[in-house]
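The numbers in the sequence shown follow the UniProt record's numbering, run straight up by one, and end at 488.
Every residue, glycine too, gets a C-beta built ideally from N, C-alpha and C.
All remarks here apply to the structure that follows.
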Amino acid sequence: MTLELITFSLGYPLAFLQRCDLLKVLAGSPLDQNKIHCSKRVVGANSSESGITVQCQDGSEFMGDVLVGADGIHSAVRGIMQAHIERFAPGATEKDMNTGIQHRSYAKDFSTVSFVTEGGKLFWFLFSKLDKKYYGKDIPRYKPEDAEQASEAFFNINMTDTIKYEEGSGSNVQCFICHVSNVLKDFHGIYATPNLGDLTTGEQCNLMVGAERVDFLPMPEKSLTATMPWSQKVGVGKQENKCLRAFYALPVLLLAHFAATNNDTMLDLKVSGYGWLYKILSTLVSGFIPVLSGFEAVERVQTIGLLGDLIPIQAIFMIEAARRGNFITIAHLLPLFFAILYQTPLENYHAADNRMTQIGKVKIIIPTILLSYILPSIAMFTVPGLSTRLWINGVFRQPFPIYARVIQLILGRFVRDTTEIDRIQNPEADMRYLRRIYAFAAVVAAIKGLYTRFNLPGYLPSATSCAGLYWILIHFMDLKVAGKLNAR
1 MTLELITFSL
11 GYPLAFLQRC
21 DLLKVLAGSP
31 LDQNKIHCSK
41 RVVGANSSES
51 GITVQCQDGS
61 EFMGDVLVGA
71 DGIHSAVRGI
81 MQAHIERFAP
91 GATEKDMNTG
101 IQHRSYAKDF
111 STVSFVTEGG
121 KLFWFLFSKL
131 DKKYYGKDIP
141 RYKPEDAEQA
151 SEAFFNINMT
161 DTIKYEEGSG
171 SNVQCFICHV
181 SNVLKDFHGI
191 YATPNLGDLT
201 TGEQCNLMVG
211 AERVDFLPMP
221 EKSLTATMPW
231 SQKVGVGKQE
241 NKCLRAFYAL
251 PVLLLAHFAA
261 TNNDTMLDLK
271 VSGYGWLYKI
281 LSTLVSGFIP
291 VLSGFEAVER
301 VQTIGLLGDL
311 IPIQAIFMIE
321 AARRGNFITI
331 AHLLPLFFAI
341 LYQTPLENYH
351 AADNRMTQIG
361 KVKIIIPTIL
371 LSYILPSIAM
381 FTVPGLSTRL
391 WINGVFRQPF
401 PIYARVIQLI
411 LGRFVRDTTE
421 IDRIQNPEAD
431 MRYLRRIYAF
441 AAVVAAIKGL
451 YTRFNLPGYL
461 PSATSCAGLY
471 WILIHFMDLK
481 VAGKLNAR
C-alpha cells in the first residue's frame with residue numbers, strides 16, 4: 001500500500017531491483033535494442049555542448065544527452081560527476097560528507113542503512129533474512145550476544161564505498177533500541193504501526209517531490225498532474241518558518257484578548273440544591289439566568305446569535321481534526337484556537353491525500369452537530385420552566401464537546417469509511433461531504449445574521465467580524481503563495 005501511494009502521489013512507481021533484472025526488462029521492451037549495451041563498465045566521460053561521450057573499459061565509446069549513474073555502491077559515474085563539478089566549483093562536492101547524509105546498500109537476503117546525526121554520532125542498521133517465517137510466540141528473541149554473533153558473517157560487506165560493516169559495529173546503541181522496542185511493543189502495535197506507513201510515505205515523497213530536473217527537456221505531464229505535483233518550493237528543507245506564521249496569527253489572539261477584557265462584569269450568583277454537578281457548572285449556568293428567564297430581550301437575541309456563530313466554528317474544528325495532513329499536529333489533537341490552527345502550514349497539504357479528511361468522520365459531522373449542540377440549544381430556550389432550562393444548559397449544552405465525541409463514536413459504527421481506498425484512487429472523495437458541511441454552516445450563519453439584524457435595536461459593531469475576516473485573509477495569502485490562487 002505504501003509503494004502504491006507513492007506511485008499515485010508522485011506519478012512514478014518506486015521499486016527496488018537488481019540492475020541485471022532491469023537490463024532484462026529493457027532488453028525485452030520495444031526500445032531500440034541497439035541502445036542497450038550489456039557487460040560494459042564506464043571508466044570515463046567527456047562532456048561538450050552537443051552532449052556527453054562515455055568511455056568503457058573495453059575501449060568502446062557511446063554518445064548521449066544525459067549521463068545517469070546507476071552503477072551501485074562503488075559508482076564510477078558518481079566519481080566522474082564529482083570530478084566534473086570540482087573543475088567548475090571547487091569544494092562543492094564536500095557537502096556529500098555533511099551530517100544527514102544517508103547510505104543504503106541492498107544485497108541478496110540482507111540490506112544496511114547508515115547515517116550520521118548531529119554531534120558526529122553514527123547510526124547503522126543491518127537487516128538480514130531469517131531461515132523461515134515466524135509467527136506469534138514463535139518469533140525468536142535475541143540477546144545482545146546473539147546479535148553480535150549473527151552479525152559477524154556480514155563484517156566484510158560495504159555500507160558505503162569506503163566503510164565496511166565491521167568498522168561501524170561495536171556500539172551498544174542497537175541493544176538499547178531493541179530493548180525499547182520490546183518494552184513498547186504493545187504501544188507500537190496499537191498506535192504507532194497503523195500510522196507509520198503513511199508517515200514513511202510522506203517522508204519519501206517529501207524527499208522526491210522537489211527533485212532536480214533537466215531544464216532543456218519538457219516537463220513530463222505526469223509530474224504535474226499527480227496528487228503531489230512536482231515543485232521545488234516544497235519538500236525537505238523548504239518548510240515555512242513557524243515563528244513567522246505565529247506572528248501572522250498574533251492579531252487573532254490580540255482581538256480575542258481585547259474582547260475578553262472589555263466584557264461587562266459577570267453576574268455573581270450562587271446556585272445550590274443540585275449537588276456536586278452544579279458546583280462545577282454554577283458559574284456557566286448562572287450566566288444564562290437573565291437570558292433564559294426572559295429578563296433581557298436584547299441579551300437573549302445576542303446570546304442566540306453567539307450560539308449560532310459557534311456552529312460554523314464547531315464544523316471547522318471537526319473537519320480539521322479529521323484532516324489527514326493534521327495528523328500528530330496541534331490542529332489534530334486540540335483545534336481550539338484559530339491562531340493555533342494556522343500553525344499547520346499549507347505545505348502539509350501539498351499531497352492530495354494529506355488535504356483529504358477521514359471519510360467516515362466527515363460523513364457524520366452534520367448529524368453530530370445537530371444532536372450534540374443544536375438540539376440542546378433549541379431546547380434550552382423553548383422548554384417551559386426556568387429550572388428545566390438551566391438544567392438542560394448545565395447538563396447537556398455546556399459539555400456538548402463530550403457528547404459530540406460520544407455521538408461520533410456511535411454514529412461512526414454505522415457508516416463506511418473508504419479513506420484507505422480513496423486516498424489513492426480518489427483523493428477528492430470527501431469533497432461532496434465537505435461542501436455539504438460548509439453549506440450547512442453558511443446557511444446557519446446567514447439565518448443567525450438575519451435574525452440578529454432584524455431583532456436588535458442597533459447595529460452590531462463591525463469589530464465583531466474582524467477576527468474572522470483576518471483569519472480568512474491570511475489563509476488566502478497562503479493559497480496565493482502556494483500558487484493555488486490566480487487572484488492578483
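Beta-carbon proximity list for residue i, same chain, < 6 Å, skipping 5 on both sides
| i | result |
| --- | --- |
| Thr112 | Ser105, Leu126 and Met159 |
| Leu333 | For Leu333, the predicted structure reports a pLDDT of 45, less than 50, and the residue's modelled location is therefore unreliable. A value from the coordinates is still provided. Here the set comprises nothing. |
| Gln232 | Gly210 |
| Gly11 | Lys222, Ser223 and Ala226 |
| Thr418 | Ile359 |
For residue i, the nearest candidate out of the options (CA to CA)
| i | options | result |
| --- | --- | --- |
| Arg436 | Ile319, Leu473 and Asp478 | Ile319 |
| Val236 | Thr225, Gln204, Ala249 and Ala226 | Gln204 |
| Thr452 | Gly305, Pro376, Pro427 and Arg41 | Gly305 |
| Lys40 | Ser60, Gln398, His475 and Ala249 | Ser60 |
| Lys448 | Trp124, Ala150, Ser50 and Ile374 | Ile374 |
| Gly468 | Pro251, Arg416, Val301 and Arg355 | Pro251 |
| Lys35 | Asp109, Asp65 and Gln57 | Asp65 |
| Leu370 | Val444, Arg413, Trp230 and Leu386 | Val444 |
| Pro312 | Gln408, Ala446 and Val301 | Ala446 |
| Val43 | Asp58, Ile424, Asp32 and Ser29 | Asp58 |
| Glu148 | Tyr165, Asp161, Lys132 and Lys137 | Tyr165 |
| Phe216 | Gln425, Ser9, Ser50 and Phe88 | Ser50 |
| Asp309 | Arg413, Gln239 and Phe440 | Phe440 |
Per-residue DSSP class, three states only, for residue i
| i | result |
| --- | --- |
| residue 490 | Coverage of the chain is limited to positions 1 through 488, which leaves residue 490 absent and any answer about it impossible. |
| Ala351 | coil |
| Ser372 | helix |
| Asp417 | coil |
| Arg405 | helix |
| Leu254 | helix |
| Glu152 | helix |
| Thr227 | coil |
| Pro367 | helix |
| Phe216 | coil |
| Arg141 | coil |
Strand pairing of residue i, partner residues [DSSP]
| i | result |
| --- | --- |
| Arg104 | Val113 |
| Gln55 | Gly44 and Glu61 |
| Lys164 | Asn158 |
| Arg323 | Thr357 |
| Trp124 | Ser114 |
Nonlocal neighbours in the same chain, by C-beta distance under 7 Å from residue i, ignoring five residues either side
| i | result |
| --- | --- |
| Tyr433 | Val362 and Lys363 |
| Leu67 | Ala45, Ile52, Val54 and Val77 |
| Leu411 | Ile364, Pro367 and Thr368 |
| Leu450 | none |
Length of the line joining the Cα atoms of residue i and residue j
| i | j | result |
| --- | --- | --- |
| Thr53 | Ala429 | 50 Å |
| Pro384 | Phe247 | 49 Å |
| residue 489 | Asn206 | In the structure displayed, the chain extends from 1 to 488; residue 489 sits before or after that span and is not available. |
| Met63 | Ser48 | 11 Å |
| His475 | Ser114 | 40 Å |
| Arg397 | Ser372 | 8 Å |
| Leu456 | Thr303 | 11 Å |
| Ile139 | Lys129 | 13 Å |
| Leu485 | Ala27 | 46 Å |
| Ser151 | Tyr134 | 20 Å |
| Asp353 | Ala321 | 15 Å |
| Met208 | Val234 | 10 Å |
| Val214 | Asn156 | 38 Å |
| Leu22 | His103 | 22 Å |
| Thr388 | Val481 | 53 Å |
| Phe400 | Ile407 | 10 Å |
| Pro90 | Pro220 | 33 Å |
| Trp471 | Pro229 | 27 Å |
| residue 519 | His37 | Residue 519 is absent from the model: the chain starts at 1 and stops at 488. |
| Val301 | Lys242 | 40 Å |
Any C-beta of chain C under 8 Å from that of residue i
| i | result |
| --- | --- |
| Met356 | No chain C appears in the structure shown, which is made up of a single protein chain. |
Any non-hydrogen atom of the ligand GTP closer than 7 Å to residue i Cβ
| i | result |
| --- | --- |
| Leu375 | Ligands are entirely absent from the displayed structure, and the ligand GTP is therefore not among its contents. |
Close beta carbons around residue i, own chain, < 8 Å, minus the five adjacent residues each side
| i | result |
| --- | --- |
| Cys466 | Leu255 |
| Arg423 | Leu5, Arg324, Asp353 and Met356 |
| Asp109 | Ser128 and Lys129 |
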